[in-house]
Structures are given as structure tokens and as C-alpha cells.
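Reading through the C-alpha cells given below for one structure.
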Amino acid sequence: MSAALQHPAPPIVEARDLVRTFRAPRGGRVQALRGVSLRVERGEVLGIVGESGCGKSTLARLLVGLDSPDKGGLRFDGTELSALRGADRRRFHRRAQMVFQDPYGSLNPRLTAGEALAEALRVHAIVPPAEIPARVAALLDQVSLPRDAADRRPHEFSGGQRQRIGIARALAVEPELIVADEPVSALDVSVQAGVVNLFAELRERLGLTLVFITHDLRLVRHLTERVAVMYLGKVVEQGPTASVFAAPRHPYTRALLSAVPRLDPDAPPRPPPIPGEVPSPLAPPGGCAFHPRCPRAEFPVCSHDVPELELRHGAWPAACHFAGSLASGQAGPPPGR
Ligand code: SF4
Numbered sequence: 051m052s053a054a055l056q057h058p059a060p061p062i063v064e065a066r067d068l069v070r071t072f073r074a075p076r077g078g079r080v081q082a083l084r085g086v087s088l089r090v091e092r093g094e095v096l097g098i099v100g101e102s103g104c105g106k107s108t109l110a111r112l113l114v115g116l117d118s119p120d121k122g123g124l125r126f127d128g129t130e131l132s133a134l135r136g137a138d139r140r141r142f143h144r145r146a147q148m149v150f151q152d153p154y155g156s157l158n159p160r161l162t163a164g165e166a167l168a169e170a171l172r173v174h175a176i177v178p179p180a181e182i183p184a185r186v187a188a189l190l191d192q193v194s195l196p197r198d199a200a201d202r203r204p205h206e207f208s209g210g211q212r213q214r215i216g217i218a219r220a221l222a223v224e225p226e227l228i229v230a231d232e233p234v235s236a237l238d239v240s241v242q243a244g245v246v247n248l249f250a251e252l253r254e255r256l257g258l259t260l261v262f263i264t265h266d267l268r269l270v271r272h273l274t275e276r277v278a279v280m281y282l283g284k285v286v287e288q289g290p291t292a293s294v295f296a297a298p299r300h301p302y303t304r305a306l307l308s309a310v311p312r313l314d315p316d317a318p319p320r321p322p323p324i325p326g327e328v329p330s331p332l333a334p335p336g337g338c339a340f341h342p343r344c345p346r347a348e349f350p351v352c353s354h355d356v357p358e359l360e361l362r363h364g365a366w367p368a369a370c371h372f373a374g375s376l377a378s379g380q381a382g383p384p385p386g387r
């Protein structure tokens, strides 16, 4: 038996029961993450999806080490992040990069694009100083920007071009993992597809692992291989994207899919979208947090017992007491049809 078979590579990211709370401006604590566990396998594209306020962005920051959990464990390539110090910590920050929703906020307005890229190359000593100009040019090529973009400052670019610079800056340090937090939601619809396709191309060409965080299910279906669905600080369903879209096992996933507009006027009707508002993360409901809005809720079990994210009756994990009884096909066709 080969060594590779005896010791399979660890997932590039393994999160165990992550908890993160924040002090709320008017008192109390926002429970942003309430016990999130997930794995990201090397080379895959994982989508993380959910409504605003579900904890997606907090999770993104934890995954790249911009923030730390209050409780729980987070491993990168088999090593616990909390144990990394000094040079090892810096090396992790090079290997795991983030692309933000608003590239304008993350680019220094005083630096030209070329200077920003050169700075990243220099700080992490990616190439010898003499090779920096050629590497800057190659990075601009990689994100399909003209060479003269190197001489322009952030305000001289369109939103889509700025996001390409943000991506180039992440690529400059040769990361293995990119976490992209709503990277196209601030862009015009007309330029979104170009940026999404760029992510797909780069992932293919460079063998990157990509975590793509979005509220847009159509992007998840287009780009990702696996998807994790979040609701009020927890992952409630996690599985292969095509399977989850074809036959969601959690009532919340089904409701999210129902809310996506259809392009095909002949497609059969979907179930109605979920009623009510997302409850406050200051005081999430007990039991299953989705129970006040869930059309399948049964009492008292759903308001009392917390459903774990686990395999029930085969398929993929869903945190619902009745996941096994939500038969495939009940959710209607996937979005976009
Ligand atoms: Fe709905 Fe109950 Fe399942 Fe929660 S556990 S999703 S309330 S059926």
C-alpha cells in the first residue's frame, strides 16, 4: 500500500464547533457563530451560502486568521491555527488569502496598482527584487488587466477592475486557499459574470482551493462543487452542490431555493418562500433556530431539541430532526429554470 493511501492528506481547512460572539452596541452579545463545523478539501470550490446576518463573513475572517474564535478549533493543513507563532503564523497568512466584497476599502488609495502588487511581493519575499516588475506584469495578465493598469490608482478603475486588482494582490503571495467574501455583490450585474469566471479559471489553472461566500444561489450553482448552507450562526446543510440543489434535505435550504427567480416560465411552481424575518442573533430561538419559520416544524421537539448536523438516512448531513423524511424532489427544480 502506498504511503499516500496509508496517510490521506488532511483537509486544507477543518473547523470544529467554532463559536464567536461580539458585544452588541446596545448591550447583549451577538451570537455570530454558534458552533460551526466544516471541512474544505484541497483543490475544491466550497460555497457558503445564507442570508445576511447568518455569520458567513465572520466565518470567512476566522478561516484566514483575521479573527479568532471564542471556542472551537480550526486547523489549516493539519496544524491548529491557535498554535502558530512568528514565522509559521506569517507563512499561514501568505498561504490563506481573502478577497473582500469592497476592494476599494482594502486597497491603499495612495498606491498605484503596480505599487500595491510590488509591496505584497516584497513583504513576503516572493521573488528577488529585480524580478518584481516582471511578476507585477504577469499578475495583471493573470487577471486580464492591461499592463498600463500598473500606473493607475484605485479611483481610476471601475468596480470590476478594482476587484481584479484585489484578486491579483491575493494571488501575488501564491496562496493555496482563497476565501472570497461576496466578491461580486457590489458590482454591476453586467460585470459579475466576468469576475466569477475569472475565479473559475484561476482555480483551474493554479490548483487553488476556493471558499466562495455569497447570498446568491445562482453563483453557488455555477461555481462550486460543495455547498454549506448557514442559518443564524450554524451550518444547517452541507453536501454536493448539484445534489443539494436537486433535492435539499433541510427546510431552510428548500426555502432559500424557492426564493430564487426563475428564468424558465414553464417550470413548475415552487413552494412559497419562508414567512417572517430572520430572528435576532442576540437571542436565537431555542431548539432548532429555524422553528418559528419552518413549515415542517413539530412541537415540542423542534422548539426544544437542537438538531445536530449529521448524516441521517444516508445522503449528506442536514441539521433537521426530519431530514430523512424530506423526500427528494419535494423542493422543485433548481434555481434558474
Ligand atoms: Fe423545521 Fe424542525 Fe427540521 Fe428545524 S428541526 S428545520 S424546525 S422540521
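Position one of the sequence shown corresponds to residue 51 (our numbering), numbered consecutively onward. Glycine included, every Cβ here is placed at the ideal spot set by N, Cα and C. For clarity, every value in this text was computed on a predicted model and none was experimentally measured.
Could you round the C-beta distance between residue i and residue j to whole angstroms and report it? I think they count as a contact, below 8 Å.
i, j, result
"Ala388", "Arg299", "Since the first residue of the chain shown is 51 and the last is 387, residue 388 is not available in this structure."
"Leu189", "Leu167", "5 Å"
"Val69", "Arg89", "Not a contact, Cβ separation roughly 18 Å."
"Pro301", "Phe340", "7 Å"
"Ile215", "Pro153", "6 Å"
"Ala91", "Pro61", "According to the sequence as given, residue 91 is Glu; it is not Ala. Correct: roughly 5 Å between the Cβ atoms."
"Leu221", "Gln192", "6 Å"
"Val286", "Leu361", "The Cβ separation is near 14 Å, so there is no contact."
"Glu232", "Gln288", "At roughly 20 Å, the Cβ-Cβ gap does not stay under 8 Å, so Glu232 and Gln288 are not in contact."
Please identify the residue among the options whose C-alpha is closest to the C-alpha of residue i.
i, options, result
"Asp117", "Asp152, Thr71 and Leu307", "Thr71"
"Ala147", "Ala180, Glu226 and Gly128", "Here the sequence assigns Gln to residue 147, which means Ala is not the residue at that position. Nearest C-alpha to Gln147: Glu226."
"Arg141", "Glu224, Ala110 and Ala230", "Glu224"
"Glu327", "Glu101, Pro75, Gly85 and Ala59", "Glu101"
"Asp201", "Gly209, Gln213 and Val186", "Val186"
"Thr162", "Glu181, Asp198, Gln192 and Gln151", "Asp198"
"Ala74", "Val114, Ser330 and Asp266", "Ser330"
"Leu252", "Ala236, Val285 and Ala230", "Ala230"
"Phe249", "Met280, Ser308, Gly128 and Gly210", "Gly210"
"Ala297", "Pro342, Ala365, Arg160 and Gly105", "Ala365"
"Cys3", "Glu360, Gly283 and His371", "As displayed, the chain neither begins before 51 nor continues past 387, which places residue 3 out of reach and without an answer."
"His354", "Pro342, Glu360, Leu361 and Cys338", "Cys338"
"Gly164", "Ala218, Gly115 and Pro178", "Ala218"
"Ala65", "Ala180, Phe349, Gly128 and Asn247", "Gly128"
"Asp67", "Ala59, Arg76 and Leu112", "Leu112"
"Ile263", "Cys104, Pro183, Pro325 and Arg212", "Cys104"
"Arg212", "Thr108, Gly155 and Pro350", "Gly155"
"Val356", "Lys106, Gly85 and Arg76", "Gly85"
"Arg139", "Val114, Val149 and Gln151", "Val114"
"His143", "Asp266, Leu131 and Gln151", "Leu131"
"Arg268", "Arg346, Cys352, Ala184 and Val246", "Val246"
"Gly283", "Arg255, Ala369 and Leu237", "Ala369"
"Thr108", "Met280, Pro350, Ala309 and Cys352", "Met280"
"Val310", "Arg76, Asp266 and Val177", "Asp266"
"Ala110", "Gly77, Arg145 and Val149", "Val149"
For the ligand FMN, any of its heavy atoms closer than 6 Å to the Cβ of residue i?
i, result
"Phe72", "As far as ligands go, the structure on display features the ligand SF4 and does not contain the ligand FMN."
Give a yes or no on whether the minimum CB-CB distance between residue i and chain C is below 7 Å.
i, result
"Arg212", "This model lacks chain C altogether, as it is built from one protein chain only."
Handout entry: Stretch pair the segment 72-83 + the segment 325-335: three plus CB contacts closer than 8 Å
Key = The segment 72-83, when compared against the segment 325-335, does touch it at the 8 Å Cβ threshold.
Problem - Length at least 4, wholly inside the segment 130-154: the alpha helix (DSSP H) runs in chain order - result: Counting only runs that start and end inside the segment 130-154, the alpha helix (DSSP H) elements of at least 4 residues fall at 136-145.
Practice task
Give, in chain order, every unbroken run of the beta strand (DSSP E) that is at least 3 residues long and sits entirely within the segment 254-320.
Solution key: Runs of the beta strand (DSSP E) inside the segment 254-320: 259-264, 276-281 and 284-290.
Problem - the segment 197-207 / the segment 113-125 touching (three or more Cβ pairs under 8 Å) - result: Judged by Cβ distances under 8 Å, the segment 197-207 makes no contact with the segment 113-125, as fewer than three pairs qualify.
Practice task
Would you check if there are 3 or more beta carbon pairs closer than 8 Å linking the segment 259-278 to the segment 89-106?
Solution key: Yes, since at least three Cβ pairs between the segment 259-278 and the segment 89-106 fall closer than 8 Å, the two stretches touch.
Problem - Three or more C-beta pairs below 8 Å linking the segment 256-264 and the segment 284-295 - result: They do not touch, by the three-pair rule.
Handout entry: Within 5 Å of the ligand SF4: residues by beta-carbon to any heavy atom
Key = Listed along the chain, these residues meet the criterion: Pro301, Cys338, Phe340, His341, Cys344, Arg346, Ala347, Cys352, Pro357, Cys370, His371 and Phe372.
Practice task
Note down, one range per segment and in chain order, each alpha helix (DSSP H) of at least 4 residues found wholly within the segment 160-204.
Solution key: Taking only runs of at least 4 residues, the alpha helix (DSSP H) segments lying wholly in the segment 160-204 are 163-173 and 182-192.
Problem - Cβ contact (3+ pairs, closer than 8 Å) linking the segment 172-179 and the segment 130-138 - result: Counting Cβ pairs under 8 Å, fewer than three are found: no touch.
Problem - Residue ranges of each beta strand (DSSP E) within the segment 210-247, 3 or longer - result: Counting only runs that start and end inside the segment 210-247, the beta strand (DSSP E) elements of at least 3 residues fall at 227-231.
Practice task
Write down every uninterrupted run of the beta strand (DSSP E) in the segment 66-129 whose length is 3 residues or greater and which is fully enclosed by it, in chain order.
Solution key: Counting only runs of 3 or more residues that sit fully inside the segment 66-129, the beta strand (DSSP E) segments are 79-90, 95-99 and 121-126, in chain order.
Exercise for the section: Go through the segment 335-367 residue by residue and report every complete run of the alpha helix (DSSP H) that reaches 4 residues or more, in order. Expected result: Entirely contained in the segment 335-367, the alpha helix (DSSP H) runs reaching 4 residues are, in chain order, 351-354.
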